[in-house]
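No gaps in the numbering here: position 4 of the sequence shown is 4 in full-length UniProt numbering, and each next residue is one more. Scroll down for the structure; my scribbles are underneath it.
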Amino acid sequence: MEAVATAFLSASLEWLMDKLGSKSSELWNRQKQVRDELQNWKSLLPKIWVVLDDAEKRQTANPAVEMWLSDIRDLAYDMEDVLDGLEADERRKKLTAKTDRPCTSKARQLIPSCFTGFNLDVFIPGCEAVSKIKEISGRLERAVREKEALGLKVEEAGTSVTAPRWEPATTWLPEPHVYGREGDKNAILQKLLNDEGD
Numbered sequence: 001m002e003a004v005a006t007a008f009l010s011a012s013l014e015w016l017m018d019k020l021g022s023k024s025s026e027l028w029n030r031q032k033q034v035r036d037e038l039q040n041w042k043s044l045l046p047k048i049w050v051v052l053d054d055a056e057k058r059q060t061a062n063p064a065v066e067m068w069l070s071d072i073r074d075l076a077y078d079m080e081d082v083l084d085g086l087e088a089d090e091r092r093k094k095l096t097a098k099t100d101r102p103c104t105s106k107a108r109q110l111i112p113s114c115f116t117g118f119n120l121d122v123f124i125p126g127c128e129a130v131s132k133i134k135e136i137s138g139r140l141e142r143a144v145r146e147k148e149a150l151g152l153k154v155e156e157a158g159t160s161v162t163a164p165r166w167e168p169a170t171t172w173l174p175e176p177h178v179y180g181r182e183g184d185k186n187a188i189l190q191k192l193l194n195d196e197g198d
């Protein structure tokens, strides 16, 4: 059960890394503060993802590792929610921009020219979303520090203790050796050889 949960967590973190790695994503059409936090997520997530196998193996023996994995799972869900919300918000803005274009241009004519360089959406991105993003960034940084404190390591390919050791397939069988019955063996061989000679 734990292996399945860790596999889902690993897949979830991979999805998040792919989402954050996509520059074509609507996530990057944000104010600098949000972009910087998302860039921070992008750099910290792989540090957690690479130790999931080790954490999975240690969680049964170490309750602290089990709690760490649970925190990572919750963190991944929260990150997915925030990213989905940001993308939905960006799509909503694009949709409303297409329908409200004449109104917006008339309203902009009434604003003095010294203020027209400001993008009003930058100042109203959803303070709740920004605070949630910062809170998640703090949790993510704490998770990386805890990973190091727990001593979780990156497992090298092929060095896993639980990996089965496969012997190469062969048709060669070792010749059996009978111990302690040399006399009986010689008598049987003698009888067989004498029967062949007759």
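Backbone N, C-alpha and C define an ideal beta-carbon position, used for all residues, glycine too.
| Asked | Found |
| --- | --- |
| Could you give the distance in angstroms between the alpha-carbon of residue 11 and the alpha-carbon of residue 80? | 12 Å |
| Should the region 41-53 be called in touch with the region 84-91, which here means at least 3 C-beta pairs below 8 Å? | no |
| Am I right that residue 75 and residue 133 are in contact with their C-beta atoms under 8 Å? What's the rounded C-beta distance? | Actually they do not touch by this definition, with Cβ atoms about 12 Å apart. |
| Which residue wins for smallest C-alpha separation from residue 45, given the options 147, 184, 189 and 185? | 147 |
| Pull up the distance between the alpha-carbon of residue 192 and that of residue 155, whole angstroms please. | 59 Å |
| Considering Cα atoms alone, identify which of 31, 8, 174 and 48 is closest to residue 139. | 48 |
| Can you tell me which of the three DSSP states residue 51 falls into? | coil |
| Within 10 angstroms of its Cβ, does residue 39 collect 16 or more other Cβ (buried), or is it exposed? | exposed |
| Quick check on the burial criterion: 16 or more other C-beta atoms within 10 angstroms. Buried or exposed for residue 32? | exposed |
| Whose C-beta lies closer than 8 Å to the C-beta of residue 188 among residues of the same chain, with five residues either side of it excluded? | none |
| Quick check: residue 42 and residue 20, are their CB atoms within less than 8 Å of each other? | yes |
| With 16 other CB atoms within 10 Å as the buried threshold, where does residue 206 fall? | The displayed coordinates of the chain run from 1 to 198. Any statement about residue 206 would go beyond what the structure contains. |
| Can you check which of these residues, 65, 186, 129 and 69, is closest to residue 83 by C-alpha distance? | 129 |
| How big is the Cα-Cα spacing for residue 34 and residue 78? | 16 Å |
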